[in-house]
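Number of protein chains: 2
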Amino acid sequence: MDETLRTPVYPGDMDPEEFRHHGRAAIDWIAAYLREIESYPVLARTRPGEIAGQLPVRAPEHSVAMETILADFQRTLLPGITHWNHPGFMAYFGITGSGPGILGEALAAALNVNGMLWRTSPAATELEERALDWLRQMIGLPDPFRGHIQDTASLSTLVAIAGARESTGLEVREHGLAGLPRMRLYCSAEAHSSVEKAAITLGLGRSGVRKIPTDEIFRMRADALSAAIQEDTANGWRPFCVVATVGTTSTTSVDPVPEIADVCARYGLWLHVDAAYGGAVGVVPEMRDLLAGCERADSLVVNPHKWLFVPIDCSALYLRRPEIVRRAFSLVPDYLQTPEGVHVTNLMDYGPALGRRFRALKLWMTLRFFGREGLAERIREHCRLAREFAEWVDAEPGWERLAPVPLSVVVFRRSGEDDLNEHLLEQVNASGEVFLSHTRIRGRYALRLAVGNLRTTQAHVARAWELLRAAQP
Amino acid sequence: MDETLRTPVYPGDMDPEEFRHHGRAAIDWIAAYLREIESYPVLARTRPGEIAGQLPVRAPEHSVAMETILADFQRTLLPGITHWNHPGFMAYFGITGSGPGILGEALAAALNVNGMLWRTSPAATELEERALDWLRQMIGLPDPFRGHIQDTASLSTLVAIAGARESTGLEVREHGLAGLPRMRLYCSAEAHSSVEKAAITLGLGRSGVRKIPTDEIFRMRADALSAAIQEDTANGWRPFCVVATVGTTSTTSVDPVPEIADVCARYGLWLHVDAAYGGAVGVVPEMRDLLAGCERADSLVVNPHKWLFVPIDCSALYLRRPEIVRRAFSLVPDYLQTPEGVHVTNLMDYGPALGRRFRALKLWMTLRFFGREGLAERIREHCRLAREFAEWVDAEPGWERLAPVPLSVVVFRRSGEDDLNEHLLEQVNASGEVFLSHTRIRGRYALRLAVGNLRTTQAHVARAWELLRAAQP
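Chains as they are written, first to last, in our numbering: chain A, 123 to 595; chain B, 123 to 595.
As structure tokens, this is what we get:
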């Protein structure tokens with residue numbers, strides 16, 4: 123029997139020429155999308171289930187042509203996208219999937235490197251270390267800090283707290299938390315929910331987090347922190363970590379890190395700084411004092427995917443003593459041992475995940491494309507736009523600002539009831555021109571305007587203000 | 123003063139036309155790379171520090187042209203890449219960044235969606251649910267399972283074990299593990315290191331994991347599991363979870379899931395199945411019985427980025443009762459509340475990370491491009507190639523096979539000392555034509571040949587065998 127008949131030709135992957143054809147189509151589509159992005163409503167206008175309702179319930183049995191898939195992407199999925207890359211996106215924190223970052227992601231997917239070990243791509247490990255060191259210099263952290271990438275700030279903070287837990291010498295890695303004194307970590311009442319989530323994950327529980335009251339402008343009170351630590355210690359808790367925030371989520375308040383570092387030094391606690399958003403301002407020389415005290419931290423997270431224009435996900439975790447986190451997490455089974463042994467960095471040793479995407483590539487490309495100077499220029503302008511918007515709010519009767527504007531976010535409301543503001547936000551977001559989000563400040567519903575997208579200009583911020591004032595109460 | 127002079131023109135992002143130009147160059151490069159990938163050595167030939175040594179120590183101050191960055195990528199970084207997308211890559215588990223998957227990643231980076239909430243891109247959430255349901259059907263899991271994406275199997279397993287921990291009713295979420303009885307989970311001695319790492323992270327400690335002996339072909343012994351649970355219970359431990367593996371890392375052995383499910387039912391333990399690699403064979407009808415018993419699991423992980431040709435990272439976690447994991451992790455601060463409330467799925471509720479990349483897009487594109495049938499055809503061929511290689515080993519005097527070949531990995535060695543085999547592996551990998559890895563089987567050094575890349579054909583496997591036999595002992 124003819125061998126070629128018995129074994130059908132193995133089809134393998136998409137042919138490279140076919141890839142080039144569809145790849146160019148995808149690139150052309152992206153270029154057009156970025157050029158015409160303002161023709162899309164920022165916030166998706168779909169109802170729950172509307173997108174799912176257009177997708178077949180049955181799994182695809184046979185191969186579908188790439189043209190069809192790309193057409194379905196545009197026709198079926200795009201109406202259900204909230205456009206984070208739109209200049210009118212001013213909700214949560216504004217972010218950007220920049221040109222160099224998009225190209226970095228495409229190249230990384232083509233290489234499809236798993237950088238778990240040095241040898242599984244030396245360039246992935248060495249570029250990650252180098253690019254993170256560049257970012258460290260750019261934001262002004264001192265030399266002892268060593269950085270690596272986690273997917274999100276939530277995981278960076280989790281890994282940092284795990285390092286803090288290990289640093290107690292209580293042998294949590296070996297024996298777990300059962301039988302130990304109850305451990306406690308501290309953050310302000312304004313800290314991000316990821317701190318509490320990390321405590322849940324790490325087995326410390328929600329009650330393992332004590333939230334310290336803030337001052338009148340939403341900064342952790344160092345005196346209250348000190349008192350809480352003393353009280354807890356007297357009651358049998360084991361304090362072990364403080365999480366300070368540079369740029370809280372609601373108001374972008376900046377905790378007094380120098381004073382908090384003093385408290386940590388006094389009681390021997392690990393200081394982690396959540397600068398996921400705010401850390402980016404370190405690239406702006408005249409704003410760098412917002413990071414004062416961070417040089418004394420044990421760990422610090424800053425997210426290049428937030429305000430440094432790298433596509434999501436890319437979170438940079440800096441550690442003063444990376445060997446502690448390594449001690450907490452490193453496990454090397456036989457099948458992951460390599461001849462290089464301890465003479466190289468194996469990045470799998472620094473967190474819970476083994477597999478590791480080549481995220482450093484897009485970071486490297488973005489840092490080089492803009493340069494420190496270019497990043498500073500853009501961040502400076504975002505802050506100027508936020509201050510300008512704040513001035514408009516301050517000058518307008520019937521409107522009030524609810525927090526200072528140290529960075530690029532303005533928190534404000536129309537004087538009146540919560541319902542009024544909620545209603546107003548819905549109207550403005552329904553315009554499709556801008557998307558703002560909300561928070562609560564001391565229990566009151568507040569609107570948030572967050573500048574952070576590379577395409578956002580004064581015209582977009584002015585339009586948001588126009589829409590807000592025109593909305594019917 | 124002229125306003126245009128006072129405020130310099132804000133530069134924003136790369137211009138869309140410039141993006142199109144560089145994007146096409148990147149796509150053309152990728153197409154050529156995929157076509158000529160066999161001209162690269164699979165395993166990078168660089169020495170530690172060699173790549174870093176070519177990267178400037180000082181952070182870039184000024185913007186660099188994209189042409190320069192792309193040229194540096196090729197000149198400086200590429201020599202330090204281990205080519206996971208090369209058909210000669212047969213180390214660890216073979217994977218593929220397929221054409222449709224690469225395009226999916228590029229599109230996702232351009233949209234730059236953070237799918238943390240339904241409203242932050244309804245299509246991201248609804249597509250993830252639908253694509254995961256397709257994959258569920260494809261691998262033959264029953265209807266109650268609901269899937270979502272985590273970055274890696276390590277995190278999927280961590281989230282599953284956190285669900286198991288929560289299901290005990292011990293209120294770990296609220297109060298943590300201190301003061302509770304010591305909890306224990308079970309896996310085989312062949313289980314992946316990520317199980318132990320999850321236990322460390324979750325505060326259970328390494329001693330919270332008991333490794334159950336395996337039978338002569340590396341499958342967990344259900345009788346030994348049952349005895350261990352009884353012994354631990356008598357000694358004051360609180361057993362709560364069993365992790366069974368379908369396709370272990372060293373030998374791809376398949377634990378007897380039906381018997382393990384019986385044990386879990388008897389003692390009321392959560393059953394998690396690590397099918398990160400092996401789960402893919404569910405798409406091949408005649409191989410589906412390898413997943414027998416998985417329908418009784420509480421959770422199961424299968425990685426589309428392993429053997430389903432999706433670029434790293436994309437791990438699918440299926441949960442029988444997702445509400446338990448939601449109860450463990452959900453935290454909704456004011457700034458993340460939405461008008462849709464509980465009427466929609468907010469994927470941030472199902473794990474430790476808040477931020478969420480639009481990974482479902484590449485999964486959806488890949489599943490449609492190949493179809494169930496196309497995936498099965500390729501996986502079937504990979505298994506055939508592995509069986510054929512095993513036959514060659516079996517037929518060759520002086521070589522021995524160390525484990526059965528239920529999937530696409532062959533574990534074998536040349537008869538003789540460990541050193542001999544280690545030396546042999548180094549020679550073969552130095553060829554640049556193939557990259558194999560190793561493990562230890564009952565203490566003995568063993569070579570592993572893992573078929574899983576879409577470009578790997580019989581010729582590549584035959585060449586590996588040729589190189590192995592030709593290597594000088």
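For each residue, glycine too, the CB sits at the ideal point set by N, CA and C.
Note that this is a predicted model, so its numbers are computed, not measured.
Please identify the residue among B/D150, B/L200, B/L177, B/I149 whose C-alpha is closest to the C-alpha of B/V164.
With distances taken between Cα atoms, B/V164 lies closest to B/L200.
A/R523 and A/V515 - do their beta-carbons sit closer together than 8 Å?
Yes. Within cutoff.
From the DSSP output, read off the bridge partner residues of A/C363.
A/L307, A/W392, per the DSSP bridge assignment.
Can you find a C-beta in chain B that's less than 8 Å from the C-beta of A/N236?
Yes, A/N236 lies at the interface with chain B (some Cβ there is under 8 Å from its Cβ).
Sort A/A213, A/F141, A/K319 by Cα distance to A/A275 and report the nearest one.
The candidate whose alpha carbon is nearest that of A/A275 is A/K319.
How would you label B/P407, buried or exposed, when you count the other beta carbons within 10 angstroms and need 16 or more for buried?
Classification of B/P407: exposed, given that the 10 Å Cβ count is below 16.
Would A/E318 pass as an interface residue toward chain B - the criterion being a Cβ-Cβ separation below 8 Å?
Judged by the 8 Å Cβ criterion, A/E318 is in contact with chain B.
Going straight from the alpha carbon of A/V464 to that of B/A498, what length do you get?
Taking the straight line from one Cα to the other gives about 41 Å.
So, do the region 419-428 of chain B and the region 195-211 of chain B have three or more beta carbon pairs nearer to each other than 8 Å?
Segments in contact, no.
Below 8 Å on the Cβ atoms is my guess for B/A228 versus A/E227; work out the distance and round it to an integer in Å.
With 8 Å as the limit, B/A228 and A/E227 qualify as a contact, their Cβ atoms being about 6 Å apart.
Answer yes or no: does any C-beta atom of chain B fall closer than 8 Å to that of A/V466?
Chain B, which has a Cβ nearer than 8 Å to the Cβ of A/V466, makes this yes.
For B/Y567, report the span of its beta strand (DSSP E) as first-last.
Its beta strand (DSSP E) spans residues 566-572.
Starting from the C-beta of A/A282, find all residues in its chain whose C-beta is less than 6 Å away, skip the five residues before and the five after it, and write them out in chain order.
Counting only Cβ-Cβ distances below 6 Å, and skipping sequence neighbours, we find H394, S421.
Between B/C416 and B/V368, how many whole angstroms is the CB-CB distance? I'm expecting something under 8 Å.
With a Cβ gap of about 7 Å, B/C416 and B/V368 count as contacting.
From the DSSP output, read off the bridge partner residues of A/Y457.
Partner(s): none; A/Y457 has no beta bridge.
Indicate whether the contact test is met: 3 or more Cβ pairs, each with one atom in the region 128-148 of chain A and one in the region 526-541 of chain A, closer than 8 Å.
They do not touch, by the three-pair rule.
Taking B/R328 as the query, report the chain A residues whose CB atoms sit under 9 Å from its CB, ordered along the chain.
The answer, in chain order, is R295, E296, H297, G298, L453.
For A/T579, I'd like the list of residues in its chain whose CB is within less than 6 Å of its CB, leaving aside the five on either flank, ordered along the chain.
Once the five neighbours on either side are set aside, A/T579 has no close Cβ partner at all.
Need the endpoints of the alpha helix (DSSP H) that B/A450 sits in, please.
444-451 is the span of the alpha helix (DSSP H), which, as asked, contains B/A450.
Which full runs of the alpha helix (DSSP H) of 4+ residues lie inside the region 470-523 of chain A, going along the chain?
As far as the region 470-523 of chain A is concerned, its whole alpha helix (DSSP H) runs of at least 4 residues are 482-517.
With 8 Å set as the bound, which would you pick, yes or no: does the beta-carbon of B/Q594 sit closer than that to a beta-carbon of chain A?
False, the Cβ-Cβ gap to chain A never drops below 8 Å.
Helix or strand or just coil, what does DSSP make of A/M314?
Inspection of the sequence shows that residue 314 of chain A is occupied by His rather than by Met. Reduced to three states, the DSSP call for A/H314 is coil.
Would you please verify whether the beta carbon of A/R479 is less than 8 Å from any beta carbon of chain B?
With 8 Å as the cut-off, A/R479 counts as an interface residue toward chain B.
Note down, in chain order, each residue of its chain lying with its Cβ closer than 8 Å to the Cβ of B/L198, except the 5 sequence neighbours on either side.
As written in the sequence, residue 198 of chain B is Thr, which differs from the Leu given in the question. Answer for B/T198: I173, Q176, L177, listed in chain order.
In whole angstroms, give me the CA-to-CA distance for B/G358 and B/G325.
About 18 Å.
Residues of chain A with CB closer than 9 Å to the CB of B/E139, please, in chain order.
Near B/E139 (Cβ distances below 9 Å), the residues of chain A are A153, R157.
Tell me the rounded alpha-carbon separation between B/A568 and B/V550.
Going by the C-alpha atoms only, they are around 14 Å apart.
Going straight from the alpha carbon of B/L441 to that of A/H582, what length do you get?
Each residue's Cα considered, the two are about 43 Å apart.
Put B/R577 into one of helix, strand or coil per three-state DSSP.
Coil.
Could you give the residue range of the alpha helix (DSSP H) that holds B/H427?
Counting along the chain, the alpha helix (DSSP H) containing B/H427 begins and ends at 426-429.
So which residues of chain A does B/E338 contact, with C-beta pairs closer than 7 Å?
The premise fails here: B/E338 is roughly 19 Å from chain A at the closest Cβ pair, so nothing lies under 7 Å.
Please classify A/F141: does DSSP put it in a helix, a strand, or coil?
A/F141: helix per DSSP, three-state reduction.
Pick out whichever of B/A321, B/V385, B/P444, B/Y155 has its Cα sitting closest to the Cα of B/R89.
In the structure as shown, chain B starts at 123 and stops at 595, and residue 89 of chain B therefore has no counterpart that could be examined.
Suppose you measure from the CA of B/R536 to the CA of A/I217; what does that come to, to the nearest Å?
Their Cα atoms are separated by approximately 55 Å.
Tell whether a beta-carbon distance below 8 Å holds between B/S310 and B/K333.
Yes. Within cutoff.
Around the C-beta of B/P461, are 16 or more other C-beta atoms found within 10 angstroms, so that it is buried, or is it exposed?
Classification for B/P461: exposed.
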